[in-house]
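**Student:** Heads up, the sequence shown is in full-length UniProt numbering, so the first residue is 1 and it goes up one at a time.
Glycine residues also receive a C-beta, built at the ideal position from the N, C-alpha and C atoms.
On a predicted model such as this, the values are computed, not experimentally measured, just so you know.
Right, I'll just put the structure down here and ask away after.
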Amino acid sequence: MSAKNSYSSNNEGYNYENDNNVVVVAAAAVVVVVVVVVVKVEVVVAVGVKVVKVVVAVAAEVVAVVATEVFSISSLILSREVHSAYAQSSSDRPSSPDPDQKDYDDDDDDDDDDDDDDDDDDDDDDDDDDDHDHDDDDDHDHDDDDGDNDERNRIRISGR
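The following block contains the structure:
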């Protein structure tokens, strides 16, 4: 390339096609770089989205399995505690209770009939007013001397 083509003071003989070719090549290079970068970013984003989806799916599966196991273990522990509590309280209950009777030992307070802890110094003279008095002659009489429940209890105990 001669000096005449690039820096002529009177611009005679200057070849503008060379400048246009350089601009076209530069523009094409920029377009190629932009396309490559965009494609790579899209590929990276697409791969990243797929990876994130896989990670989220795996995490959801792990959470589901762990939650199921925790529920199973807690259910097992709860059933053992209920069984243990029932076994401890079964000695306080009759072996074959009448289904018409109320459950007279609903609470788990170790047979503490006094619900007011601040009345420890008071006399317990109000035992006659207990809702579950077993010596009165109401429908829930557990000490039945007339024998009408003896036959039903004998059948229930024998399993017939």
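Out of curiosity, what's the CA-to-CA distance linking Val25 and Ala57?
**Tutor:** Those two C-alpha atoms are separated by around 47 Å.
**Student:** I need the straight-line Cα distance from Val49 to Ile77, nearest angstrom please.
**Tutor:** Cα-Cα distance, rounded: 41 Å.
**Student:** From Ala28 to Val63, what distance separates their C-alpha atoms?
**Tutor:** When rounded, the distance between both Cα atoms is 51 Å.
**Student:** Val55 to Lys40, Cα distance in whole Å?
**Tutor:** In a straight line, the C-alpha of Val55 is about 22 Å away from that of Lys40.
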